[in-house]
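Chemist: Quick note on numbering: the sequence shown equals residues 3 to 700 in the numbering used here. The beta carbon of each residue, even a glycine, is placed where N, CA and C say it ideally should be.
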Amino acid sequence: EFIGALTNCTQLEFLDAGHNRLRGELPASTANLSTKLTSLTLGENLISGTIPHDIGNLISLQALSLETNMLTGELPVSFGKLLELRVVDLNSNTISGELPSYFDNMTQLQKIHLNSNSFQGRIPQSLGRCRNLLDLWIDANRLNGTIPQEIVQIPSLAYLDLSNNLLTGPFPEEVGKLELLVGLGASNNRLSGQIPQTLGDCLSVEFLYLQGNSFDGAIPDISRLVSLRNVDFSNNNLSGRIPQYLANFPMLRNLNLSMNKFEGSVPIEGVFRNATSVSVFGNKNLCGGIRQMQLKPCTVKASPRPRKHLSLIKKVAIGIGAGMASLFLFIIAASLCWFKKRKSKKKNNANGSTLGPFFEKISYEELYNATNGFSPSNLIGSGNFGDVFKGLLGRDDKLVAVKVLNLLKHGATKSFMAECETFKGIRHRNLVKLLTVCSSLDSEGNEFRALVYELMPKGSLDMWLHPEDMERANEHSRGLTIPEKLNIAIDVASALEYLHVHCHEPVAHCDVKPSNVLLDEDLTAHVSDFGLARLLYKFDRESFLNQFSSAGVRGTIGYAAPEYGTGGQPSIQGDVYSFGVLLLEMFTGKKPTDNSFSGDYNLHKYTKQILSRDEEEEEGAGSNNTVDKWLRLVLQVGIRCSEDDPRDRMRVADARPELISIRSKFFSSKTTNTEPSPPDAVRSSPQGWMLNADMHTI
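(1) How big is the Cα-Cα spacing for L407 and N250?
(2) Would you say the stretch 101 to 112 touches the stretch 127 to 134, given that touching needs at least three Cβ pairs under 8 Å?
(3) So is C512 buried or exposed if we call it buried at 16+ other beta carbons inside 10 Å?
(4) Could you check what DSSP says for R25 in three-state terms: helix, strand or coil?
(5) Who are T170's beta bridge partners in DSSP?
(6) Can you give me the Cβ contacts of R243 inside the same chain, cut-off strictly under 6 Å, excluding the 5 residues immediately before and after it?
(7) Excluding the 5 residues flanking K349 on each side, which residues of the same chain have their C-beta closer than 7 Å to its C-beta?
(8) Just checking: is the beta-carbon of K592 within a distance shorter than 9 Å of some beta-carbon in chain D?
(9) What's the call for E587, buried or exposed, on a 16-neighbour Cβ count within 10 Å?
(10) Taking the alpha-carbon of E446 as reference, which of Y366, P485, A19 has the nearest alpha-carbon?
(11) Contact defined as beta carbons within less than 8 Å: I believe K515 pairs with T558. What is the distance between those atoms, to the nearest angstrom?
(12) Out of F105, L613, K286, N518, state which residue places its alpha-carbon closest to the alpha-carbon of L584.
(13) Taking the alpha-carbon of D389 as reference, which of L395, L409, G396, K400 has the nearest alpha-carbon?
(14) With a 10 Å radius around its C-beta and 16 neighbouring C-beta atoms as the bar for buried, classify S552 as buried or exposed.
(15) At 3 residues or longer, what runs of the beta strand (DSSP E) sit wholly inside the stretch 202 to 265?
(16) Looking at the structure shown, is L381 part of a helix, part of a strand, or coil, going by DSSP?
(17) Under 7 Å Cβ to Cβ from N604, same chain only, skipping five residues before and after it: list those, please.
(18) To the nearest angstrom, report how far apart N72 and T96 are at their CA atoms.
(19) Between the stretch 567 to 585 and the stretch 638 to 652, can you find at least three pairs of beta-carbon atoms closer than 8 Å?
(20) Who does L159 pair with in a DSSP beta bridge?
(21) Along the chain, where does the alpha helix (DSSP H) that runs through G567 open and close?
(22) Indicate whether L436 and Y500 have their beta-carbon atoms separated by less than 9 Å.
(23) Using a Cβ-Cβ cut-off of 7 Å (strictly less than) and excluding sequence neighbours within five positions of P222, which residues of its own chain qualify?
(24) Can you give the Cα-Cα distance for E27 and I49, rounded to whole angstroms?
(25) In whole angstroms, what separates the C-alpha of A403 from that of I224?
(26) So what does DSSP say about C643, is it helix, strand or coil?
(27) Can you name the start and end residues of the beta strand (DSSP E) that L407 belongs to?
(28) Is DSSP giving R124 helix, strand or coil here?
(29) Within its chain, find whatever has a CB closer than 7 Å to the CB of D493; leave out the 5 residues flanking it on each side and keep chain order.
(30) Using the three-state DSSP reduction, which class does D91 fall into: helix, strand or coil?
(31) Can you tell me which residues form a DSSP beta bridge with F283?
(32) Tell me the rounded alpha-carbon separation between N34 and G82.
(33) Just reading off the alpha helix (DSSP H) that S496 is part of, what are its end residues?
(34) Rank E69, E175, T52 by C-alpha distance to the C-alpha of P150 and give the top, closest one.
(35) Would N143 pass as a contact of H115 if the rule is Cβ separation under 9 Å?
(36) Starting from the C-beta of Q294, find all residues in its chain whose C-beta is less than 6 Å away, skip the five residues before and the five after it, and write them out in chain order.
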């Protein structure tokens, strides 16, 4: 109605209704707006449907911004009639089909932002005819095939992002012709071969993101790229030495060379002075570097010297030295024997009978080496009872997460035992897998305990829901699509249903929250952190009340069930409450600890109030808006799960099928594809591609 009412404004030139809460399908009447319209902005709304078939009627249009909505379907053929178009921004929708070939006729185009959609097929060579193009962002789609050399020969191109697709083959040598290139992203594809030497001719480049491919060989000569600020070549098969000239780049702030096959010494000047700015993790043959990198020292081979006859004095000195050494070694051996007995006794106490034969043990030394000495650069998170480090384990260099318990914290030891006890005999695709444990002594003889899990490369759900709270805010700045959120919610419900119903004994997790939901490469959710979990048939109420606080408060404020605050026993109903809060947080965007909540007014009551108000507003309007329907149904599940009275809460075994039904009814076309979809704007690398910071402001 809003758009339709404007079709009579025949002199309308600008229309900006972005950043609102406009809902419903984009009407066909959009194509009937004034032919004098030069700018149409409807981005950052909740608009669904498809782009009108007759959008080409807006022949004067120079800027079209429909980003961050819920648009589907393909780009209409008439889109190619918008010959005056300079800016097209359709990012963060679910638009599908192949990239059209008619862009070559739209010679005025300066910015093409089609990232974070579901485009598939090959990149059309015709894009190379857009000779005025500044930005080409087609990352986070399903594009395949090779990179056409035509698109790396557009002389005006400043930003090219091809990341998070399925592209194969080598990177075109013609990239050296992009003299004005500032940012290049081709990360997380299937590219191979060597990084082109011609990259060294792109003298204006500041951001280079080529991580997550299969590039091999040495780093090309990029010594003239003195404007570089962020470089990420991680997770490839690059080899050779780290170029010394990288230490001379005055603007370089972040350098990631991890998970390659580099060898030799690491420089110690420039950016290499700061261990938090450089990552060389996962290169076994590197040495040197600053102390914080925890690399092995570089050995210098001594030059061979001519042998000389030893004098009598030297021979005597050697004899005396050998005798002293033998005596010294005897003393050490005796001391070690005594210490070993003492250590063995202490170690037996540390291991505890609860571990049993279920987990293959691992030594402290192995974990120390796997995490580069528990280096700060390997730290990926902190929890209630310790820190989590990234590590490389075993001969196959398996990436793992190592949770080191801080045993000085009250309850840490019981948390360790609870986690080991919980994981005995349970296996589920939506639970983080516990690989091994360590219960030993550290290098100083102190008690040491750690849990080793499979690493979840996409981080926690909390990072995706609230990127503004993270140090690297841009990393997950695009958020999750609606189908992705529903899939994650269903995954969490599946894990809880397994724990509550299908385990040999019911298990209450007791701390369900976004930071304990981890995402793998395909954004499949895995519930983690069972340090507070309880096997309900073995539950000891007194232990529960005393383990973590005098008041008996369990879990995390905002997510913990109300009965836990008054000494209530842990239960599966408590998990259901936490799941309900998590569901409401995912689909309202509000944390349960938001400053707007106080006293009895919480996220549960806020959501009920919103739904009640919407029902009153739409009553009698006959709205059939599918956005309203699916959202209302999902929120109702969250409300029913988060009731104050445990007896009124929905069972998770009932919540899961309801969520599946909602997904099937409203989003079946987005979830039936069996091929894992690359996250819409994953930005999984440390740089976050600088899109929202530096590039989106261009």
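Modeler: In terms of the structure at hand:
(1) 40 Å
(2) yes
(3) buried
(4) In the displayed model, R25 falls within a strand according to three-state DSSP.
(5) Answer is R192.
(6) G266
(7) Because the pLDDT at K349 is just 40, under 50, the model does not fix this residue reliably, and the value given afterwards should be weighed accordingly. The residues are S442, L443.
(8) Absent from the structure is chain D; it holds one protein chain and no more.
(9) buried
(10) Nearest in C-alpha terms to E446, of all of Y366, P485, A19, is Y366.
(11) 5 Å
(12) N518
(13) L409
(14) Reliability of the predicted coordinates at S552 is poor, the pLDDT of 30 falling under 50, and the value obtained from them is presented with this limitation in mind. It is exposed - the Cβ of S552 has fewer than 16 other Cβ atoms within 10 Å.
(15) 209 to 211, 216 to 219, 232 to 234, 239 to 243, 256 to 258
(16) strand
(17) Counting only Cβ-Cβ distances below 7 Å, and skipping sequence neighbours, we find P594.
(18) Going by the sequence as given, residue 72 is Met instead of Asn. Taking the straight line from one Cα to the other gives about 6 Å.
(19) yes
(20) Bridge partners of L159: none, in fact.
(21) Run containing G567: none; DSSP gives neither H nor E here.
(22) Taking 9 Å as the Cβ cut-off, L436 and Y500 do not qualify as a contacting pair.
(23) I197, P198, Q199, L201, G202
(24) The alpha-carbon atoms of E27 and I49 are separated by roughly 6 Å.
(25) 34 Å
(26) helix
(27) 400 to 407
(28) strand
(29) N432, T526, A527
(30) strand
(31) For F283, which the question treats as bridged, DSSP gives no partner whatsoever.
(32) 17 Å
(33) It spans 484 to 499 - the alpha helix (DSSP H) in which S496 sits, taken as one unbroken run.
(34) E175
(35) no
(36) A277
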